[in-house]
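Here the structure is laid out as structure tokens; the discussion comes afterwards.
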Amino acid sequence: MDNSMLLVSPSPHVRARHSTRSIMLDVVIALVPALVASAVIFGWRALLVVAFCVGWCVVAEYIFERICKRPVTVGDLSAVVTGMLLGLNLPVSIPLWQAAVGSIVAIVVVKQLFGGIGRNFANPAITARIVMVISFAESMSDFSVNDAVSSATPLSGGEMPSVLRLFLGDYGGCLGETCALALIIGGVYLVARRVITWHTPVVFVATVFVLTWLLGENPVEQVLTGGLLLGAIFMATDYSTTPSTKWGKVIFGLGCGVITVLIRVFGNYPEGVSFAILFMNILTPYISTLTKRRPFGGAKVK
Amino acid sequence: MSIFKLNGVHLKHHKNTADVPPVRMPVPKKAVIPMSMHIGAPAVPVVKAGDEVRVGQLVGEAAGGLSSPVYSGVSGKVKKIDEIISVTGAHITAVVIEPDGLQTVSEEVVPPTVTNREEFLSAMQRSGIVGLGGAGFPTTVKLAADVSRIDTIVVNGAECEPYITSDTRTMIDDAALVAEGLGMLMKYLEVSKAVIGIENNKPKCIASMRQATEGMEGVEVRSLPAVYPQGGEKVLVYHTLGRVIGEGKLPLDCGVVVINCTTVATIAKYIKTGMPLVEKCVTVDGSAISEPKNVIAPIGTPVLELIEFCGGFKCPPRKIIYGGPMMGIALPDLYLPVLKQTNAILAFDRKDATPPPETACIRCGRCVSHCPFGLAPCDIADAYAADNAAALEKFKVNLCMECGCCSYVCPAKRNLVQTNKLAKVKLRNYQTKNREGGK
Numbered sequence: 437m438d439n440s441m442l443l444v445s446p447s448p449h450v451r452a453r454h455s456t457r458s459i460m461l462d463v464v465i466a467l468v469p470a471l472v473a474s475a476v477i478f479g480w481r482a483l484l485v486v487a488f489c490v491g492w493c494v495v496a497e498y499i500f501e502r503i504c505k506r507p508v509t510v511g512d513l514s515a516v517v518t519g520m521l522l523g524l525n526l527p528v529s530i531p532l533w534q535a536a537v538g539s540i541v542a543i544v545v546v547k548q549l550f551g552g553i554g555r556n557f558a559n560p561a562i563t564a565r566i567v568m569v570i571s572f573a574e575s576m577s578d579f580s581v582n583d584a585v586s587s588a589t590p591l592s593g594g595e596m597p598s599v600l601r602l603f604l605g606d607y608g609g610c611l612g613e614t615c616a617l618a619l620i621i622g623g624v625y626l627v628a629r630r631v632i633t634w635h636t637p638v639v640f641v642a643t644v645f646v647l648t649w650l651l652g653e654n655p656v657e658q659v660l661t662g663g664l665l666l667g668a669i670f671m672a673t674d675y676s677t678t679p680s681t682k683w684g685k686v687i688f689g690l691g692c693g694v695i696t697v698l699i700r701v702f703g704n705y706p707e708g709v710s711f712a713i714l715f716m717n718i719l720t721p722y723i724s725t726l727t728k729r730r731p732f733g734g735a736k737v738k
Numbered sequence: 014m015s016i017f018k019l020n021g022v023h024l025k026h027h028k029n030t031a032d033v034p035p036v037r038m039p040v041p042k043k044a045v046i047p048m049s050m051h052i053g054a055p056a057v058p059v060v061k062a063g064d065e066v067r068v069g070q071l072v073g074e075a076a077g078g079l080s081s082p083v084y085s086g087v088s089g090k091v092k093k094i095d096e097i098i099s100v101t102g103a104h105i106t107a108v109v110i111e112p113d114g115l116q117t118v119s120e121e122v123v124p125p126t127v128t129n130r131e132e133f134l135s136a137m138q139r140s141g142i143v144g145l146g147g148a149g150f151p152t153t154v155k156l157a158a159d160v161s162r163i164d165t166i167v168v169n170g171a172e173c174e175p176y177i178t179s180d181t182r183t184m185i186d187d188a189a190l191v192a193e194g195l196g197m198l199m200k201y202l203e204v205s206k207a208v209i210g211i212e213n214n215k216p217k218c219i220a221s222m223r224q225a226t227e228g229m230e231g232v233e234v235r236s237l238p239a240v241y242p243q244g245g246e247k248v249l250v251y252h253t254l255g256r257v258i259g260e261g262k263l264p265l266d267c268g269v270v271v272i273n274c275t276t277v278a279t280i281a282k283y284i285k286t287g288m289p290l291v292e293k294c295v296t297v298d299g300s301a302i303s304e305p306k307n308v309i310a311p312i313g314t315p316v317l318e319l320i321e322f323c324g325g326f327k328c329p330p331r332k333i334i335y336g337g338p339m340m341g342i343a344l345p346d347l348y349l350p351v352l353k354q355t356n357a358i359l360a361f362d363r364k365d366a367t368p369p370p371e372t373a374c375i376r377c378g379r380c381v382s383h384c385p386f387g388l389a390p391c392d393i394a395d396a397y398a399a400d401n402a403a404a405l406e407k408f409k410v411n412l413c414m415e416c417g418c419c420s421y422v423c424p425a426k427r428n429l430v431q432t433n434k435l436a437k438v439k440l441r442n443y444q445t446k447n448r449e450g451g452k
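So the sequences go chain by chain: A and B. Offset between the first sequence (1-based) and my numbering: plus 436. Offset between the second sequence (1-based) and my numbering: plus 13.
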């Protein structure tokens, strides 16, 4: 028997089946209902916008990594997830060149310049969306439904549709944010697959519900409109930009909820979810440090 | 007992060999008996090339307190006193014996007279018994503790590593011996309470141990969830008694002696027959093994002969390990022997053996949420990479028991537990330097 065939490597010699790629694939699968809903509500251009963002994100990541002579990581599908999330955060009428600019900002500026996957402190899709809201204010607030008539999102003073229509998403808004049903299906899938835990989304949504109710708004409408569910389920649960501890997630969700309501009720912008998540992203390292578990049996550090 | 359970991972159990009683293998063609099969000073050979030895004869005597004597498991002729390279890379002395196949038992093998604690401890010292759960800590050292400090014995029957079923078979086939050994320990350590902790994926063991210990005052068989690493000393003591073994402390510091179930059975066997620890029940399994089974083999049997007894390889093996897949050590050489503390030999094919490529940490937090002790392996890896020993001290990497849960769950397939091991060395050097600097 030849010993040279034997591989000597450190334990453990078995690994769990999931991988970065399988986790990202689960997020993609969880976004499919929202994608289908956006195509039904806003027409085929919804698919074009999302595909365009995904394409630009993947290409931007590939080119940047090649230029920097880093290993190419497009195979882990994280750029695909960023592209889908960004696309679903845009209005259907967005000019494609603006979507491309947003995608490049997300991948190159927010993600790769900070060291790539796991190293960015802000959510790429959220930050790119904010950059676009500020840079392309007009096209980013042009919300139209399938009849192609421009209309405002209900949050910015438009007429509020019935709760059932809100739940199904048949009203003006960003591509992926309107259909609550599709988003909740995706969220349940992610929790069931243990990709995310329920803490952040539930606390985030519950905080918005309670606070808007206390402030005299209609809490059901506040929860179902705008980017709340999309943000709470898919963006406030991003790994590298949110706390990983259980209590950290609760604090994160609470903070996001409070800031969202403050912006919506008292601020100049009709929508505050993106700003809330970005702000809490910045606080994440502090929340993580504060909520660290004390090691089992560990003596106190002097 | 404990309100909060420590974290861990749910593994595929692969207990393929649990239902078949162990088979004794024929005398090997060669026996390589290392002098260092325990923690502590190596034993010193007392035989030389050309000597005739018999089964149960002393071939290496203990060198000092934290050492253990070594006996031959075969009868035959000493070929040479050799030096072999162990799995840890250390050069160790080994007695190489050419068996004559007769298995003549040495006249030294007579049951010891044990009537009091002193005689019991001296018998334990002569028995050559070490911790058979895998650590190889000389049992006598553990038992020699001041009896007034001990109030409970915890028998470790968790066997939480996948594949391994040698403890399982001990608890089914030798339940009476385990009970008897436990009775002796309770008597001579003057302890009135004992808990036998067994994972609930082994209902047969729980039933047979309950039956065997029926009527024994103060003994309880406890069914524990099958969550790896249930058999870790600190985990087991916490889950059975609710006691926390603090940083830098031993089970003894909270009144407990933890002892593996096979070790307990071996103690009883020695006291009854006088046959020291010369053979082991070893689980041979894994994707490259033709006929997985439990084999009783003399200590010193080359791994290759053991595998050949199990029908050999059914496909080219790519990795062979001592012990379980979570904490086992990969062998560089098929001719390394079965040791005192070897409870399994696993062989894996190319598909199972090849480690997945490491990719960037995505900060998912799975390593933190699955660590039984609540450590943060991802932060430890960052501190290690940054050469920041002060941070390693703060992150308590010294508490890591190297169970491997972090590496197991990491979706980026990072070798986290390996980094923890390296970080522990770095921290120790830093602390030694600080202490010397302070003087």
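Just so you know, even glycine gets a beta-carbon here, dropped at the ideal spot from N, CA and C.
**Request:** Enumerate in chain order the residues of its own chain whose CB-to-CB distance from residue 638 (chain A) is below 8 Å, with the five nearest sequence positions on each side excluded.
**Result:** 689
**Item:** Beta bridge counterpart(s) of residue 95 (chain B) as assigned by DSSP
**Value:** B:107
**Request:** May I ask you to check if the CB of residue 90 (chain B) is nearer than 7 Å to at least one heavy atom of the ligand GTP?
**Result:** In the structure shown, the ligand GTP is absent, as is every other ligand, since no ligand is present at all.
**is_contact[residue 463 (chain A), chain B] using C-beta, thresh 8 Å** = no
**Message:** For chain A, check one thing: does any of its Cβ atoms lie closer than 8 Å to the Cβ of residue 333 (chain B)?
**Reply:** yes
**Item:** Closest Cα partner of residue 85 (chain B) within the set B:227, B:105, B:291 and B:236
**Value:** B:291
**Prompt:** Whose C-beta lies closer than 7 Å to the C-beta of residue 439 (chain B) among residues of the same chain, with five residues either side of it excluded?
**Reply:** 397, 402 and 405
**Request:** Name the two residues that bound the continuous alpha helix (DSSP H) containing residue 186 (chain B).
**Result:** 179–186
**Item:** Contacts of residue 70 (chain B) in chain A (Cβ-Cβ under 7 Å)
**Value:** What residue 70 (chain B) touches in chain A: nothing, since even the nearest Cβ is about 30 Å away.
**Message:** When you compare the stretch 379–397 of chain B with the stretch 352–364 of chain B, are there three or more beta-carbon pairs, one atom per stretch, that lie closer than 8 Å?
**Reply:** no
**Asked** Taking Cβ-Cβ distances shorter than 9 Å, what residues in chain A pair up with residue 420 (chain B)?
**Response** 446, 447, 448 and 451
**C-alpha gap between residue 443 (chain B) and residue 407 (chain B), whole angstroms** = 13 Å
**Item:** Segment contact, 8 Å Cβ cut-off, at least three pairs: the stretch 269–282 of chain B with the stretch 68–86 of chain B
**Value:** no
**Prompt:** Just curious, the alpha helix (DSSP H) that residue 467 (chain A) is in, first and last residue?
**Reply:** 456–478
**Request:** Return helix, strand or coil for residue 690 (chain A), following the three-state DSSP convention.
**Result:** helix
**Message:** Less than 8 Å between CB atoms is the rule here; does residue 731 (chain A) satisfy it with respect to chain B?
**Reply:** yes
**Prompt:** Is the beta carbon of residue 257 (chain B) sitting closer than 8 Å to the one on residue 210 (chain B)?
**Reply:** no
**Request:** Determine, using beta carbons only, whether residue 676 (chain A) and residue 376 (chain B) come nearer to each other than 8 Å.
**Result:** yes
**Message:** Is there a C-beta anywhere in chain A that falls below 8 Å from the one on residue 260 (chain B)?
**Reply:** yes
**Asked** Comparing the C-beta of residue 361 (chain B) with each C-beta of chain A, is any distance below 8 Å?
**Response** yes
**Residues from the stretch 651–675 of chain A in contact with chain B, defined by Cβ distance under 8 Å** = 675
**Message:** Strictly below 8 Å CB to CB, what residues from chain A border residue 263 (chain B)?
**Reply:** Under the 8 Å cutoff, chain A gives no residues; its nearest Cβ is about 12 Å from residue 263 (chain B).
**Asked** From this set, A:495, A:503, A:523 and A:524, which residue's C-alpha is nearest residue 510 (chain A)'s C-alpha?
**Response** A:495
**Asked** For residue 602 (chain A) and chain B, any beta-carbon pair shorter than 8 Å?
**Response** no
**Item:** Chain-ordered neighbours of residue 456 (chain A) on chain B, where CB pairs are closer than 7 Å
**Value:** 372, 375, 424 and 425
**Prompt:** residue 738 (chain A) CB to nearest chain B CB: under 8 Å?
**Reply:** Interpretation of residue 738 (chain A) is limited by its pLDDT of 49, a score under 50 that renders its predicted location unreliable; the figure taken from the coordinates is listed afterwards. So, not an interface residue.
**Item:** CA-to-CA distance, residue 50 (chain B) to residue 102 (chain B), given in whole angstroms
**Value:** 14 Å
**Message:** By the three-class DSSP mapping on this structure, what secondary structure does residue 61 (chain B) have?
**Reply:** coil
**Prompt:** From the beta carbon of residue 441 (chain A), is the nearest beta carbon of chain B less than 8 Å away?
**Reply:** yes
**Asked** Less than 8 Å separating the beta-carbons of residue 228 (chain B) and residue 45 (chain B)?
**Response** no
**Message:** Would residue 39 (chain B) pass as an interface residue toward chain A - the criterion being a Cβ-Cβ separation below 8 Å?
**Reply:** no
**Prompt:** Hey, does residue 388 (chain B) have any beta-carbon neighbour from chain A nearer than 8 Å?
**Reply:** yes
**Asked** Do three or more CB pairs link the stretch 546–562 of chain A to the stretch 514–523 of chain A at distances below 8 Å?
**Response** yes
**Cβ neighbour criterion (16 or more within 10 Å) applied to residue 415 (chain B)** = buried
**Asked** Is the stretch 623–635 of chain A touching the stretch 563–579 of chain A in the sense that three or more CB pairs, one from each, lie closer than 8 Å?
**Response** no
**Item:** As assigned by DSSP and simplified to three states, the class of residue 148 (chain B)
**Value:** coil
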